[in-house]
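There are 2 protein chains.
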Amino acid sequence: MSRIQRKNREAILSAALDMFSQHGFKGATLDQIAAQAGLSKPNLLYYFPSKEEIHRALLNSLLDQWLLPLNSISAKGEPLQEILSYMRRKLELVRIAPRESRIFASLILLGAPHSHPALEEEVRRLVLEKAIVLRDWMDRGLIARCDPVHLIFAIWTLTQQYAECGLPFRVVLGEHYDPHQEAEVFLEQVLRRMLRPRPQW
Amino acid sequence: MSRIQRKNREAILSAALDMFSQHGFKGATLDQIAAQAGLSKPNLLYYFPSKEEIHRALLNSLLDQWLLPLNSISAKGEPLQEILSYMRRKLELVRIAPRESRIFASLILLGAPHSHPALEEEVRRLVLEKAIVLRDWMDRGLIARCDPVHLIFAIWTLTQQYAECGLPFRVVLGEHYDPHQEAEVFLEQVLRRMLRPRPQW
DNA sequence: GTCTATAGTCGGATAGAC
DNA sequence: GTCTATCCGACTATAGAC
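Chains as they are written, first to last, in full-length UniProt numbering: chain H, 1 to 201; chain D, 1 to 201.
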């Protein structure tokens, strides 16, 4: 693949990230993506055969980054710190990459006209692997017991809601309010209290 | 308004709920909505002047139901029980009305081509009102201190993720897994541990 | 009030010259 | 590899008969 090809593919994926994250799969148009990438529409379709293929390629290129926070939980670390790190990494990802976050959120909410068996398989594998780690920590009394899969998704979704500066927060607290700082404090409180060993009452 | 008019408007909104929740605003078409409602497309546009107006009317008709769980928090009740009731009502709403949940989630994620100032204003008013109630309970030491607005949204989003049987849960745990039962147990654990007065460590 | 028919627009995708 | 030109289908919305 030539240098110019690489550059154009990159420009297309970057433009697609913009459009798909703002308007969803249906709402984004090839016209917009081509314009944003500085290419004509036929030229766009020279690089990718269809809209679906652009979307698929985009998801594949983002998947590793997206799964990194959960993936970096280590069975060998101190349990609470590992879980807090997962939360902080995810929150940071959402802060610096809101568009990527919205792509995946939209995928979960509305699905896509094409399936992603490889993507689903990788998510399943990773979540189940980390759930085993969490359950082991609970068995050894290092953190309080709860359903590990629900815990993983709870942190996933709680951090997710702060993407794109958290629309609900902006609606309630003003257009220019940035909830990220408070978010970390709040989520650390939740997790510390939630996971403290031998819960009472 | 005649009886037949009322019946048709109702059929249209019901069909619109189906289509908008499955495909989003852009993805839904008037053809599908008209067919589902048993009307011709021009007849559909006799009742509502445009696609946007259908969407707007639908949101308005669902708003009260959607805000009811939060609205029913009473300053006079026992704090933890009131908050658990909010969580349970929201979870029940998500269980029996997944389509409605997806409509609002999609609105938050992608917005809509038309604004909803009245809707936003009502959400803002309600959240701020209940945040004051929560803060008062914290000041009186009845529940542990945390940011009340973040708490309200945390419960909102944690229950939300179980809508439509919770796609991520189904991907990881199998197509026919239903997380609702476990969800209530899990969320009650989270909230009890989170809100227990005078937290230690 | 409800229909058939269709106008006008825009979407994704292709053909073929250069 | 990139372009102009264009096809075709699907979409929202309107006109006008009944």
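Using N, Cα and C, we set each Cβ at its ideal position, and we do this for glycine too.
On the premise that residue j lies in contact with residue i, defined as a C-beta separation below 8 Å, what is that separation, rounded to the nearest angstrom?
i      : j      : result
H/F25  : H/P113 : 7 Å
D/L191 : D/L84  : 6 Å
H/L119 : H/L59  : 6 Å
H/E122 : H/L63  : 7 Å
D/N8   : D/L39  : 7 Å
H/H149 : D/V171 : Before going on, a small fix: residue 149 of chain H reads as Val here, not His. Rounded, the Cβ-Cβ distance is 11 Å, inconsistent with contact.
H/A37  : H/I73  : At roughly 36 Å, the Cβ-Cβ gap does not stay under 8 Å, so H/A37 and H/I73 are not in contact.
H/I108 : D/P98  : That belief does not hold up - the Cβ atoms of H/I108 and D/P98 are roughly 13 Å apart, past 8 Å.
D/W66  : D/F104 : 6 Å
H/F153 : D/Q161 : 6 Å
H/L158 : D/T157 : 6 Å
H/L91  : H/A183 : 6 Å
H/A144 : H/R196 : 6 Å
H/L151 : H/L134 : 6 Å
Hey, does residue i have any beta-carbon neighbour from chain D nearer than 9 Å?
i      : result
H/G38  : no
H/Q161 : yes
H/P179 : yes
H/L128 : yes
H/L151 : yes
H/H23  : yes
H/M19  : no
H/A154 : yes
H/P69  : no
H/W201 : Any answer about H/W201 is weak, because its pLDDT of 43 lies below 50 and its placement is not dependable; what the coordinates show is given next. Yes, its Cβ sits closer than 9 Å to a Cβ of chain D.
H/L167 : yes
H/R198 : no
H/A75  : no
H/A11  : no
Measuring only between beta-carbons, confirm whether residue i sits less than 9 Å from chain H.
i      : result
D/G111 : yes
D/Q65  : no
D/E182 : yes
D/L134 : no
D/L59  : no
D/L158 : yes
D/A16  : no
D/E120 : yes
D/M138 : no
D/P173 : Contrary to the premise, residue 173 of chain D reads as Leu rather than Pro in this sequence. Closer than 9 Å to some Cβ of chain H, the Cβ of D/L173 qualifies, so yes.
D/R124 : yes
With burial defined as no fewer than 16 other Cβ atoms inside 10 Å of the residue's Cβ, what is the status of residue i: buried or exposed?
i                      : result
D/Y46                  : exposed
H/I33                  : buried
D/I132                 : exposed
H/E175                 : exposed
D/Q5                   : exposed
H/P42                  : exposed
D/A163                 : buried
H/D147                 : buried
H/P117                 : exposed
H/M1                   : exposed
H/A28                  : buried
D/S50                  : exposed
D/R193                 : buried
D/K76                  : exposed
D/I96                  : exposed
H/S101                 : buried
D/Q200                 : Because D/Q200 sits at a pLDDT of 48, beneath the cut-off of 50, its placement in the model cannot be relied upon, and the point is left open.
D/L80                  : buried
H/S106                 : buried
D/E82                  : buried
residue 204 of chain H : In the structure as shown, chain H starts at 1 and stops at 201, and residue 204 of chain H therefore has no counterpart that could be examined.
Can you find a heavy atom of the ligand NAP that lies under 8 Å from the Cβ of residue i?
i     : result
D/K51 : Inclusion of the ligand NAP in the displayed structure is not the case, the ligand content being empty and no account of it being possible.
Q: Mind checking the segment 81-112 of chain D against chain H and listing, in chain order, the residues whose C-beta falls within less than 7 Å of any C-beta there?
A: R102, A105, S106, I108, L109, L110
Residues of the segment 27-54 of chain H whose Cβ lies closer than 8 Å to any Cβ of chain D, in chain order = G27
- prompt: Which of the residues in the segment 185-197 of chain D, read from start to end, lie with their CB under 9 Å from any CB of chain H?
  reply: V185, F186, L187, Q189, V190, R192, R193, M194, L195, R196
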